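Quick note: the sequence shown uses my numbering, first residue 15, plus one each step.
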Amino acid sequence: MTDHQKKMVIDLCQRRQKRVMAKKQSQQTASSTNELTEIQDDLFKFDI
């Protein structure tokens with residue numbers, strides 16, 4: 015994996031995390047935990 019790809023993946027994850035945080039603040043429900051596991055799945059997929 016190149017440095018450029020790594021950076022893109024990290025950016026993607028950070029953007030998604032921000033979205034998750036925003037959602038969590040607007041609605042504190044169990045669905046937010048699903049989003050968090052999605053982030054972890056992304057990380058495993060890219061194998062960082």
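All C-beta atoms, glycine included, are put in the ideal place defined by N, C-alpha and C.
In this text, all values refer to a predicted model and were calculated from it rather than measured experimentally.
Alpha-carbon to alpha-carbon, residue j and residue i
| i | j | result |
| --- | --- | --- |
| residue 38 | residue 29 | 14 Å |
| residue 15 | residue 24 | 13 Å |
| residue 34 | residue 26 | 12 Å |
| residue 20 | residue 36 | 24 Å |
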